[in-house]
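In my numbering, the protein residues as written are 4 to 110.
Where a beta carbon is used, it is the ideal one built from N, C-alpha and C, also for glycine.
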């Protein structure tokens, strides 16, 4: 769609644009370091993720368990939604009948 194209175009322009220099009096910022130790905190975060210990098979098993749990919850929510919808329609019909009887009584 047009919105997607516009969003991607502006995102690309912002990504590729050089940094804005606020004043010529400020020095250029230092370049990014090539020090490999800067990646260690990120590696520690990845290692701390709950699914990173068991490998791909345990991740797939956990995903399957979560999908089953999600399906059960979705079915329960669907039943609740249908019950609420029936209750709403019954209450709405009752209120409309009351309003019609009041209107007939006043006319």
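Straight-line measurement puts the Cα of residue 23 at about 59 Å from the Cα of residue 90.
Collapsing the DSSP output to three states places residue 73 in a helix. In the three-state scheme derived from DSSP, where H, G and I count as helix and E and B as strand, residue 44 is classed as helix. Between the alpha carbons of residue 45 and residue 27 lies a distance of about 35 Å.
Spatial neighbours of residue 97 in its own chain (CB-CB distance under 6 Å, excluding positions within 5 residues in sequence) are not present. DSSP places residue 67 in the helix class (H, G or I) of the three-state scheme. In the structure shown, the three-state DSSP call for residue 23 is coil.
Between the alpha carbons of residue 8 and residue 19 lies a gap of roughly 16 Å.
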